[in-house]
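Numbering (my numbering), first residue to last: 51 to 314.
Encoded as structure tokens, the structure appears first; notes follow it.
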């Protein structure tokens with residue numbers, strides 16, 4: 051059975067590969083975003099050498115790696131699930147001999163692998179050539195970061211799946227998906243590092259899963275979080291991964307009991 055799930059990864063990767071030209075423009079757009087944030091933070095730093103524990107070099111690297119990591123963990127599983135619920139095709143998926151949610155996760159991972167190899171890696175090389183990004187030289191830092199990046203994908207995908215499943219109850223969850231995307235980008239630290247949030251909001255963020263998507267991995271990658279503290283950050287990611295399984299299980303169980311097909 052596991053080989054069947056792996057096939058879903060391969061199929062999604064090949065599907066994305068057929069439209070790879072569309073992502074070349076995405077690399078340019080991400081590079082422009084990174085450039086805009088680089089000059090913005092350079093102006094904010096001014097003559098200051100350190101702000102909230104970040105040097106300008108660390109902030110430049112943080113911005114670059116955060117945006118490029120987003121290319122890997124980003125997916126539209128919420129929209130896919132919502133569309134399948136609205137058009138009734140989810141009913142066909144449910145009678146097939148596999149886990150619907152696990153298939154979605156595998157499809158998202160296949161898309162993530164495609165984005166990593168054809169978007170994130172070449173995009174990072176281009177950005178490093180244009181901007182003063184300082185990559186870590188310790189292989190262990192890279193290994194720890196890749197593990198954390200995997201959990202970033204898992205946690206973000208769980209949030210997407212949970213958002214998509216609400217289409218069972220509200221039928222049209224477009225507003226919820228838009229709100230979720232804004233919250234993830236803002237509170238995960240992609241737009242602004244959590245260290246720059248007001249004290250009370252930063253404290254609230256400690257109790258939400260968003261920091262585990264971007265801020266924690268990027269802080270380790272830039273050296274803001276020492277390597278010996280990175281294992282605690284990984285532990286926090288694991289905790290959130292396990293905790294998010296509970297609401298997904300409850301919502302999925304309730305959703306299957308009230309499924310009705312519109313226009314099916």
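Ideal Cβ positions, reconstructed from N, Cα and C, are used throughout, including at glycine.
Next on the checklist: At 4 residues or longer, what runs of the alpha helix (DSSP H) sit wholly inside the region 56 to 144?
Outcome noted: 71 to 95, 106 to 123, 127 to 137 and 140 to 144
Checklist entry - Can you tell me whether residue 148 is buried or exposed, with buried defined as 16 or more other CB within 10 angstroms of its CB? => result On the chain shown, residue 148 is found 98 positions in, with the first residue counted as 1. With fewer than 16 other Cβ atoms within 10 Å, it is exposed.
Checklist entry - Thinking C-alpha only, which one of 282, 274, 165 and 170 is nearest residue 69? => result Within the chain shown, numbered from 1, the residue matching residue 69 stands at position 19. Comparing Cα-Cα distances from residue 69 to each of 282, 274, 165 and 170, the minimum goes to 165.
Next on the checklist: Residues in the same chain with beta-carbon distance under 7 Å from residue 280, minus the five sequence neighbours each way, listed in chain order, please.
Outcome noted: In the chain shown, the residue the question calls residue 280 occupies position 230. Closer than 7 Å at the Cβ level, and outside the excluded window around residue 280, lie 194 and 270.
Checklist entry - Who are the near neighbours of residue 33 in its chain, counting only those whose CB is closer than 6 Å to its CB and skipping five residues on each side? => result Nothing can be reported for residue 33: it is not among the residues displayed for the chain, which extend from 51 to 314.
Next on the checklist: Our contact map puts residue 258 next to residue 237 with C-beta atoms below 8 Å; I'd like the distance itself, whole angstroms only.
Outcome noted: Indexing the chain shown from 1 puts residue 258 at position 208. Indexing the chain shown from 1 puts residue 237 at position 187. Yes, residue 258 and residue 237 are in contact; Cβ-Cβ is about 6 Å, under 8 Å.
Checklist entry - What did DSSP end up calling residue 303 once you bin it into helix, strand or coil? => result As a working mapping, residue 303 is identified with position 253 in the chain shown. In this structure, residue 303 counts as helix in the three-state DSSP scheme.
Checklist entry - Which class does residue 339 belong to by DSSP, given the choice of helix, strand or coil? => result Past the edges of the chain, shown from 51 to 314, lies residue 339, and the structure says nothing about it.
Checklist entry - With distances taken from CA atoms, which of 126, 241, 302 and 304 is nearest residue 227? => result Against the chain shown, residue 227 aligns to sequence position 177. When only C-alpha atoms are compared, the closest one is 126.
Checklist entry - On the three-state DSSP scale, how would you describe residue 188? => result Counting from one through the chain shown, the residue named residue 188 turns up at place 138. Three-state DSSP puts residue 188 in coil, outside helix and strand.
Checklist entry - What residue from 185, 157, 138 and 113 has the CA that sits closest to residue 60's CA? => result Position 10 of the chain shown, counting from 1, holds the residue named residue 60. Comparing Cα positions, the closest option is 157.
Checklist entry - Just to check, is the beta-carbon of residue 262 closer than 8 Å to a non-hydrogen atom of the ligand MN? => result The model depicted lacks the ligand MN and carries no ligand whatsoever.
Checklist entry - Got a sec? Which residues, its chain only, sit under 7 Å from residue 173 by beta carbon, not counting five neighbours each side? => result Position 123 of the chain shown holds residue 173. Correct list, in chain order: 77, 80, 81, 118 and 121.
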